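See structure below.
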Amino acid sequence: MSKLYFSYAAMNAGKSTVLLQASWNYQERGMHTLLFTSSLYTETDEGRITSRIGISAGAELYGKADDLYAWIVREHRKKRVNSVFVDEAQFLTKAQVWQLARIADRLDIPVLCFGLRTDFRGELFTGSAELLAIADSLREIRTICHCGRKATMVVRRTPEGRALMTGNQVGIEKSMYLSLCRGHWEEETGRWPLARAAAKPGQAKGKAKPTPRAKKPKSDSRSTPRLAAAARRSPRRVKH
Ligand SMILES: [Zn+2]
13 MSKLYFSYAA
23 MNAGKSTVLL
33 QASWNYQERG
43 MHTLLFTSSL
53 YTETDEGRIT
63 SRIGISAGAE
73 LYGKADDLYA
83 WIVREHRKKR
93 VNSVFVDEAQ
103 FLTKAQVWQL
113 ARIADRLDIP
123 VLCFGLRTDF
133 RGELFTGSAE
143 LLAIADSLRE
153 IRTICHCGRK
163 ATMVVRRTPE
173 GRALMTGNQV
183 GIEKSMYLSL
193 CRGHWEEETG
203 RWPLARAAAK
213 PGQAKGKAKP
223 TPRAKKPKSD
233 SRSTPRLAAA
243 ARRSPRRVKH
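Going by the numbering used here, the first residue of the sequence shown is number 13, and it counts up by one from there.
The structure is reproduced here in structure tokens:
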């Protein structure tokens, strides 16, 4: 019986790079891989998994309504599939995660899913929650915060650099994402210090709104320009 794998990370950890390398390893041995990515992030009908370091490969685009089990069975009949790769797996529905599990269990084809663990509000994505629950193998792909600690959280920022805490989980045009450690994520999103988080916009002294950067601990005083620079270097612009 093959396994269902879930490799998870924060943004910009190199998930797609790992996926493409693993798929390549199969192909190098003459094996056939099937690649999927979510239609939510693409602007055209053509699916493609692109890594930030410059490698890419064509991929099927899956939407919420697709039956991935039926789809993969169909492809497998045409040409034997040795391995299935799913990028942006956070966007899978619960049912689709089970469909992929059946590919591993019933067809004996390994399925390797790659995705974000949590959204910019710090909450699990549906697909990731289900994968964390039922995958045979969990692996964390690590990336680091500007402070050097492991980055496990993602903030979504406006082009002006303001952290967003509300809105659609999938993202909006011109949003920018940045991976941070949990401590810096709480500061960036205004949840820490606690007193500031509790203050209502009208109550902040002399200001209409308490800005997330109004008061920061000393250790963080030099981080803001670096954060802004990091955000400029790796903007993730998405539609929908
Ligand atoms: Zn940090």
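All residues carry an ideal CB built from backbone N, CA and C; glycine is no exception. Since this is a predicted model, take the numbers as computed values, not measurements.
With residue i as the anchor, note down where its alpha helix (DSSP H) starts and where it stops.
i: isoleucine 61; result: That residue, isoleucine 61, is in no alpha helix (DSSP H); its beta strand (DSSP E) goes 60 to 62.
i: valine 30; result: 27 to 40
i: alanine 82; result: 80 to 90
i: serine 140; result: 138 to 146
State the CB to CB distance for the pair residue i and residue j, rounded to an integer number of angstroms; the pair is presumed to be in contact (CB under 8 Å).
i: serine 140; j: glutamine 181; result: So it is not a contact: roughly 11 Å between Cβ atoms.
i: threonine 45; j: phenylalanine 97; result: 6 Å
i: alanine 34; j: leucine 124; result: 6 Å
i: arginine 168; j: phenylalanine 132; result: 4 Å
i: methionine 13; j: aspartate 117; result: 6 Å
i: aspartate 148; j: leucine 16; result: 5 Å
i: aspartate 99; j: serine 28; result: 6 Å
Within 10 angstroms of its Cβ, does residue i collect 16 or more other Cβ (buried), or is it exposed?
i: isoleucine 121; result: buried
i: isoleucine 65; result: exposed
i: threonine 49; result: buried
i: lysine 217; result: Its pLDDT being 45, under 50, lysine 217 is placed unreliably in this model, and the value from its coordinates should be taken loosely. Per the 10 Å Cβ criterion, exposed.
i: serine 68; result: exposed
i: alanine 145; result: exposed
i: leucine 150; result: exposed
i: glutamine 108; result: buried
i: arginine 161; result: exposed
i: arginine 89; result: exposed
i: threonine 130; result: buried
i: glycine 179; result: exposed
i: threonine 164; result: buried
i: leucine 206; result: exposed
i: methionine 188; result: buried
i: alanine 25; result: buried
i: alanine 71; result: buried
i: glycine 127; result: buried
i: alanine 113; result: buried
i: tryptophan 36; result: exposed
For residue i, report the span of its beta strand (DSSP E) as first-last.
i: valine 167; result: 165 to 169
i: arginine 151; result: 149 to 152
i: valine 109; result: It is not in any beta strand (DSSP E) - valine 109 instead sits in the alpha helix (DSSP H) that spans 106 to 118.
i: glutamate 72; result: 72 to 74
i: glycine 195; result: Element bounds for glycine 195: not the beta strand (DSSP E) but the alpha helix (DSSP H), 194 to 200.
i: threonine 56; result: That residue, threonine 56, is in no beta strand (DSSP E); it is neither H nor E in DSSP.
i: phenylalanine 18; result: 16 to 21
i: phenylalanine 126; result: 123 to 128
i: valine 96; result: 95 to 98
i: phenylalanine 132; result: Premise fails: phenylalanine 132 is in no beta strand (DSSP E) and is neither H nor E.
i: phenylalanine 48; result: 45 to 50
To which residues of the same chain is residue i closer than 7 Å at the C-beta, ignoring the five residues directly before and after it?
i: aspartate 79; result: Gln111
i: threonine 170; result: Leu176
i: isoleucine 84; result: Leu46, Val93, Val96 and Ile115
i: glutamine 39; result: Thr45
i: glutamate 200; result: Val167, Ala175, Leu192 and Pro224
i: glutamate 198; result: Trp204
i: glutamate 135; result: none
i: arginine 194; result: Thr164 and Met165
Given residue i, which residues of its chain have a CB within under 6 Å of its CB, disregarding the five upstream and five downstream residues?
i: threonine 105; result: Lys76
Could you tell me whether any Cβ in chain D is nearer than 9 Å to the Cβ of residue i?
i: tryptophan 197; result: Among the protein chains of the structure shown there is no chain D, as only one such chain exists.
Taking a cut-off of 5 Å, which residues have a beta-carbon closer than that to any heavy atom of ligand 1, in chain order?
Selection output, chain order preserved: Cys157, Cys159, Arg161, Cys193 and His196.
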